[in-house]
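Some notes on the structure that comes next.
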Amino acid sequence: MAVVTPYGADFYARELARGRHREIVGGRWEETGEAQMAALLDWGLRPDHVLLDIGAGSLRLGCRAVPYLAPGHYWATDASRAMLLAGHANELEDPARLDPAQLIEDADFALPGVPDTITHALCFAVFPHLPPETPRRPFETLRRFPRLEAYLFTVFLAPDAETAATPYRQRDGVVTHAARPPYHMLESDLRAMAAQTGWALTRDDRKLPRGQVLFHAIRSPERSG
-1 MAVVTPYGAD
9 FYARELARGR
19 HREIVGGRWE
29 ETGEAQMAAL
39 LDWGLRPDHV
49 LLDIGAGSLR
59 LGCRAVPYLA
69 PGHYWATDAS
79 RAMLLAGHAN
89 ELEDPARLDP
99 AQLIEDADFA
109 LPGVPDTITH
119 ALCFAVFPHL
129 PPETPRRPFE
139 TLRRFPRLEA
149 YLFTVFLAPD
159 AETAATPYRQ
169 RDGVVTHAAR
179 PPYHMLESDL
189 RAMAAQTGWA
199 LTRDDRKLPR
209 GQVLFHAIRS
219 PERSG
């Protein structure tokens, strides 16, 4: 399944040339980065673990995770490698701790070149920009990582099917939609998607920027082989 980015072909080049690598990922840099790191720590991330940051953008999480993790234990993907490299150049206190080869362009969640040593994965504030069927793709591709202990991701939810068919104002004020970004979905649809691909979900009800909802996923015991 190919995932089409919601931006024009020259969007990243134009905005990066203006020095807007933080703004491209939605602003609220400090608040959101702190929330990402806190969620990972609460769900058991240790310095010896190996983290995959899916849709990492300009390393809003990476600038926190790279100093925390052992050298070489952070990997990142994004639809734009230029975004990843902008983060590497501008946001890392010690760029030598992260080999740029570990920043991988990947627009369809295929996770090419990511090693089997990954133990934790995060996909934060990515799915609201993409159609509601998109979460299925990483459910499928993450199954190949034998050491994966936890996969965290965020979505916008609508409370029921009737509401989901109309624009819905999230608790942080963002208006989400069924058919255009920012997208929302039903929790029942998400759980069905997870079950069909062999994952069990736990909803984490912490308050997140813009009213996103965090889920923790592990392989279903009967599908763990």
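Residue -1 is where the sequence shown starts when you use my numbering, and the numbers rise one by one after that.
In this text, a Cβ means the ideal position worked out from N, Cα and C, and glycines have one as well.
Predicted model only: the values in this text are computed from it and were never measured.
Beta-ladder partner(s) of residue i, from DSSP
i      : result
ILE216 : ALA198
ILE102 : THR75
ALA191 : Checking the sequence, you will find Met at residue 191 rather than Ala. According to DSSP, MET191 bridges with nothing at all.
ALA156 : LEU184
HIS175 : TYR181
ARG167 : VAL173
Residues near residue i by beta carbon distance below 8 Å, same chain, minus five either side
i      : result
ARG79  : LEU101, ILE102, GLU103
SER218 : ALA193, GLY196, TRP197, ALA198
ASP114 : ARG142, PHE143, PRO144, ARG145
GLY147 : Sequence check: residue 147 is Glu here, not Gly. Closer than 8 Å at Cβ, skipping near neighbours: GLY42, HIS47, THR117, HIS118, ILE216.
ALA156 : ALA162, TYR166, THR174, ALA176, HIS182, MET183, LEU184
ALA87  : PRO93
Proximal residues to residue i (C-beta, below 6 Å), its chain only, five neighbours per side dropped
i      : result
ASP170 : ARG208, GLY209
ARG62  : GLY31, MET35
N-terminal and C-terminal residue of the alpha helix (DSSP H) that residue i is part of
i      : result
THR152 : It is not in any alpha helix (DSSP H) - THR152 instead sits in the beta strand (DSSP E) that spans 148 to 153.
ALA162 : 159 to 162
ARG135 : 134 to 139
Delimiting residues of the beta strand (DSSP E) encompassing residue i
i      : result
ALA119 : 118 to 121
Cβ neighbours of residue i in the same chain (closer than 7 Å, five flanking residues each side left out)
i      : result
LEU206 : ALA33, THR152, LEU212
PRO110 : ILE102, ASP104
ARG26  : PRO207
GLY223 : Low per-residue confidence applies at GLY223: pLDDT is 49, beneath 50, and the placement is therefore not dependable, though the value from the model is reported in the following sentence. There are no such residues.
GLN168 : PHE154, THR174, ARG208, GLY209
TYR66  : PRO45
The region 122 to 139 touching the region 86 to 101, judged by at least three CB pairs closer than 8 Å: no
Can you list the alpha helix (DSSP H) stretches of 4 or more residues lying completely in the region 13 to 93, in chain order? 19 to 22, 27 to 40, 60 to 66, 79 to 89
Okay, do the region 70 to 89 and the region 151 to 164 touch, 3+ Cβ pairs below 8 Å being the bar? no
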